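In the UniProt record's numbering, the protein residues as written are 1 to 328.
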């Protein structure tokens, strides 16, 4: 299954460098371009509110769309006694269930109340069939931080492990298996598919899901920079809602030192406006610089190359402050 508007995804640079897809909800259907985020669980849309979406003068080139529950004949509020209500202690049994999602980006959050409505989906065969799935999502009344700059102006589609995520709900309803896939091409165009089981010839590695804080985590057992291999063991989180890759030491130092030693270019002087430590100057006659390959070896032995995104301006790797690693 995929969205009724199609399985295409697109990276939009001026909207936080995130990957977006078109989703349709409600009766009659209303379509939103939402950011796809494997690092969080809740799907939310902005409700009609003041100051909860980017202003017209921001990088968001189009005005935000709003989900208005009263205009959808299939919209229902989610009560506080629902199994999906994580903040039931903060409301009475007769009121709608509130939600608040706090994100890694500085001072970035979304809060409001939960609703239940239909999501329009389609099969992906030669003769696609359309269906509606009753799902839970957030009606966002207050957004802060990055959501007021440009990121996810029309909502965010959480794809995490928890029971309230759309992949989990579709599996609970028996519509798909409890899996999904996303592919991102070098040109920023990709696809998303719910219930995808993968192919027998693809690389794979086990998921390390922490039940207390469930995320899509894997174990990296080695890093290859050029022809040099470093053995290590570190837990890694896949987060499509984060634009850059964050590494903690010793992985960060190994990659940056190995990369820098193999780059035949002058390192750019430190600049407080640039968040990266390793940037390189190009001469007027150069379109790009030659860089060493980087690959990650995962538990099970599979090797995943880091694909060159195009013209190299800087190493888009930031130093993390603890032992966690995040891959975007």
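Idealized CB from N, CA, C, for every residue including glycine. Predicted, not measured: the structure shown is a model, and the values here were computed from it.
CA-to-CA distance, residue j to residue i, given in whole angstroms
| i | j | result |
| --- | --- | --- |
| residue 329 | residue 25 | With the chain covering only 1 through 328, there is no way to say anything about residue 329. |
| residue 1 | residue 118 | 15 angstroms |
| residue 153 | residue 102 | 16 angstroms |
| residue 163 | residue 45 | 18 angstroms |
| residue 151 | residue 84 | 26 angstroms |
| residue 248 | residue 257 | 14 angstroms |
| residue 142 | residue 52 | 5 angstroms |
| residue 220 | residue 179 | 22 angstroms |
| residue 284 | residue 290 | 15 angstroms |
| residue 68 | residue 47 | 6 angstroms |
| residue 254 | residue 27 | 53 angstroms |
| residue 293 | residue 226 | 5 angstroms |
| residue 125 | residue 199 | 17 angstroms |
| residue 189 | residue 36 | 13 angstroms |
| residue 7 | residue 139 | 24 angstroms |
| residue 148 | residue 137 | 20 angstroms |
| residue 99 | residue 129 | 33 angstroms |
| residue 49 | residue 30 | 17 angstroms |
| residue 201 | residue 183 | 16 angstroms |
| residue 86 | residue 105 | 22 angstroms |
| residue 330 | residue 262 | Since the first residue shown for the chain is 1 and the last is 328, residue 330 is missing from the structure and cannot be characterised. |
| residue 208 | residue 214 | 9 angstroms |
| residue 192 | residue 278 | 33 angstroms |
| residue 288 | residue 195 | 40 angstroms |
| residue 91 | residue 55 | 31 angstroms |
| residue 187 | residue 243 | 15 angstroms |
| residue 81 | residue 88 | 7 angstroms |
| residue 296 | residue 71 | 49 angstroms |
Which listed residue (the options) has its alpha carbon closest to that of residue i
| i | options | result |
| --- | --- | --- |
| residue 145 | 133, 110, 132 | 110 |
| residue 265 | 240, 286, 33 | 286 |
| residue 281 | 299, 252, 267 | 267 |
| residue 301 | 138, 206, 95, 182 | 206 |
| residue 108 | 294, 241, 82, 275 | 241 |
| residue 133 | 127, 246, 176, 244 | 176 |
| residue 250 | 230, 263, 260 | 230 |
| residue 185 | 4, 198, 306, 200 | 306 |
| residue 135 | 166, 125, 54, 35 | 166 |
| residue 235 | 243, 222, 223, 218 | 218 |
| residue 95 | 31, 79, 87 | 79 |
| residue 260 | 91, 213, 276 | 276 |
| residue 210 | 244, 161, 296, 222 | 161 |
| residue 41 | 71, 70, 159 | 159 |
| residue 112 | 155, 191, 127, 106 | 155 |
| residue 298 | 127, 212, 223, 183 | 223 |
Assumed close pair residue i, residue j - CB separation to whole angstroms, cut-off 8 angstroms
| i | j | result |
| --- | --- | --- |
| residue 304 | residue 203 | 6 angstroms |
| residue 33 | residue 22 | 6 angstroms |
| residue 237 | residue 252 | With 8 angstroms as the limit, residue 237 and residue 252 do not qualify as a contact, their Cβ atoms being about 15 angstroms apart. |
| residue 239 | residue 38 | 6 angstroms |
| residue 4 | residue 181 | Not a contact, Cβ separation roughly 18 angstroms. |
| residue 157 | residue 66 | Between residue 66 and residue 157 the Cβ distance is about 16 angstroms, and since that is not below 8 angstroms, they are no contact. |
Segments assigned beta strand (DSSP E), at least 3 residues, entirely inside the stretch 107 to 186: Runs found: 109 to 122, 130 to 144, 156 to 158, 180 to 184.
query: Counting Cβ pairs, one atom from each stretch, are 3 or more of them under 8 angstroms apart for the stretch 115 to 131 and the stretch 74 to 85?
result: When Cβ pairs closer than 8 angstroms are counted between the two stretches, the stretch 115 to 131 is seen to touch the stretch 74 to 85, the count reaching three or more.
message: Under 8 angstroms: do the stretch 9 to 25 and the stretch 168 to 178 share three or more Cβ pairs, one atom per stretch?
response: Contact fails: fewer than three Cβ-Cβ distances are below 8 angstroms.
query: Counting only runs that start and end within the stretch 32 to 105, where is the beta strand (DSSP E) found for 3 or more residues in a row?
result: Correct list: 43 to 46, 98 to 102.
- prompt: Going along the chain, which unbroken runs of the beta strand (DSSP E) with 3 or more residues stay wholly within the stretch 240 to 266?
  reply: Complete beta strand (DSSP E) runs here, min 3: 245 to 247.
task: Just list the beta strand (DSSP E) runs in the stretch 180 to 227, keeping only unbroken ones of 3 residues or longer that don't cross its boundaries, in chain order.
output: The stretch 180 to 227 contains these whole beta strand (DSSP E) runs: 180 to 184, 189 to 194, 217 to 225.
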